[in-house]
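In this note's numbering, the protein residues as written are 47 to 242.
Here it is, written out as structure tokens:
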């Protein structure tokens, strides 16, 4: 055990919630999910919002959705935007679109651009590409690469290949690897072997 981890464990055992969450993350990174969960649980019980989210993720992976929702909701009420987005995902998965939108709007209002992308995805799956484009555009304007990528997808679906290419190029420049694949496919389809 490295020195830093030893000090974190000592602090965690002495009741430091940040240290508990950090030890949980170390254990999760090592795929020791049982010990990670124990530390996240202790930190969450001590009120650590990030640990609540991480605990919710582990519970979601295990299919314990009601308990995961409880922790996401508790953390979301502390204004944790990751919790808001994860809670919205659970609600959307069980067809509570209104609940999902409510939490995504709260996260977006708090400045979380991934929430804008998720609002666009909800609109797209709801059959409203214009509304989806609006949300993706807001995300893209804020520098969100996933928003740019999704604008490219919408443009490609509308057969506006020039706009699709432009959005994919912007998304690639912003670090979106999915856009790189789509841009390559788009260029290959027209016989352009040019690089990125």
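Yeah, the Cβ is synthetic: ideal placement off N, Cα and C, and Gly gets one too.
DSSP places residue 205 in the coil class of the three-state scheme, outside both helix and strand. Rounded to whole angstroms, the gap between the alpha carbons of residue 113 and residue 71 is 20 Å.
The DSSP assignment places 111-122, 127-139, 143-155 and 159-171 as complete runs of the alpha helix (DSSP H) inside the stretch 99-174, in order along the chain (cut-off: 4 residues). Three or more Cβ pairs drawn from the stretch 186-205 and the stretch 219-228 lie within less than 8 Å of each other, which places the two stretches in contact. Counting other Cβ atoms within 10 Å of its Cβ, residue 107 stays below 16 and is therefore classed as exposed. CA-CA distance, residue 110 to residue 235, rounds to 44 Å.
Between residue 90 and residue 78, the alpha-carbon positions lie close to 18 Å from each other. Judged by DSSP in its simplified three-state form, residue 235 adopts helix. The three-state secondary structure of residue 178, taken from DSSP, is helix. In the three-state scheme derived from DSSP, where H, G and I count as helix and E and B as strand, residue 196 is classed as helix.
Positions of the alpha helix (DSSP H) runs, each at least 4 residues long and wholly inside the stretch 55-98, are given as 63-75 and 79-91 in order along the chain. For the options 92, 129 and 125, the alpha carbon positioned closest to that of residue 103 is the one of 129.
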